[in-house]
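Read the structure below first, then the notes.
In the numbering used here, the protein residues as written are 664 to 860.
Laid out in structure tokens, this is it:
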């Protein structure tokens, strides 16, 4: 990604003008990374969620609130952690007013990738990618009205296959844990790859 000229350049997300990112309110986002990196990462997060009517799940995705971004360690041994909040509403639940499994998987997707985007933006690589595999384990039901805290931690970002651990918490109760692997195909024959694996 090249943020020196106000552009986000990524084989995964394409090229888009991030001039609007300068107007993004990041004042409520905590963490130990600088403000410019927070703005860029929030812009990529919003871009990947899209807008209602343009992308699957965007009505839920736009309610995801990125509240913290951190990078721990130095150089190749560093890892990123992001925290996102969302309140479980009726359109996210099954007939029993419990968070639907498919909705949990949807939440894991952009939230987990956010930690790779943070790490990549800070270290100078494209943290985006396409889902390769996602393994979710449900530990505890999440009732409608619950305010979830989604904690994502990059595990491995070496090469094209990246792995993230993601956990959905209700206060001190672990509700869902996941491991999400993504692939960043880069450029192939000078063209951007646009399909999922």
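Virtual Cβ for every residue (Gly too), placed ideally from N, Cα, C.
With distances taken from CA atoms, which of the options is nearest residue i?
{"i": "residue 723", "options": "712, 736, 704 and 740", "result": "712"}
{"i": "residue 748", "options": "843, 698, 808 and 739", "result": "808"}
{"i": "residue 765", "options": "833, 720, 834 and 806", "result": "720"}
{"i": "residue 796", "options": "710, 701 and 825", "result": "825"}
{"i": "residue 841", "options": "739, 805 and 828", "result": "828"}
{"i": "residue 830", "options": "735, 772 and 753", "result": "772"}
{"i": "residue 861", "options": "814, 800, 805 and 691", "result": "No answer is possible for residue 861: it lies beyond the span of the chain, which begins at 664 and ends at 860."}
{"i": "residue 849", "options": "698, 790, 745 and 786", "result": "790"}
{"i": "residue 739", "options": "696, 820 and 813", "result": "820"}
{"i": "residue 751", "options": "725, 697 and 800", "result": "725"}
{"i": "residue 818", "options": "800, 845 and 696", "result": "845"}
{"i": "residue 768", "options": "800, 710 and 696", "result": "800"}
{"i": "residue 687", "options": "697, 788, 702 and 745", "result": "702"}
Looking at residue i: is its Cβ nearer than 8 Å to the Cβ of residue j?
{"i": "residue 742", "j": "residue 816", "result": "yes"}
{"i": "residue 762", "j": "residue 802", "result": "no"}
{"i": "residue 694", "j": "residue 732", "result": "yes"}
{"i": "residue 774", "j": "residue 727", "result": "yes"}
{"i": "residue 843", "j": "residue 794", "result": "yes"}
{"i": "residue 620", "j": "residue 847", "result": "There is simply no residue 620 to check, as the chain begins at 664 and stops at 860 in what is shown."}
{"i": "residue 730", "j": "residue 690", "result": "no"}
{"i": "residue 700", "j": "residue 770", "result": "no"}
{"i": "residue 811", "j": "residue 835", "result": "no"}
Quick one: give me the first and last residue of the beta strand (DSSP E) that residue i is part of.
{"i": "residue 728", "result": "728-735"}
{"i": "residue 749", "result": "742-750"}
{"i": "residue 841", "result": "836-846"}
{"i": "residue 830", "result": "824-833"}
{"i": "residue 691", "result": "Segment: none, residue 691 is in no beta strand (DSSP E) and carries neither H nor E."}
{"i": "residue 816", "result": "810-819"}
What span of residues does the alpha helix (DSSP H) with residue i cover, start to end?
{"i": "residue 699", "result": "698-712"}
{"i": "residue 722", "result": "721-724"}
Inset, instruction - Indicate whether the contact test is met: 3 or more Cβ pairs, each with one atom in the stretch 775-783 and one in the stretch 714-723, closer than 8 Å. - result: Touching, no.
Inset, instruction - Mind listing, in chain order, the continuous alpha helix (DSSP H) runs of no fewer than 4 residues lying wholly within the stretch 759-800? - result: You should have 764-786.
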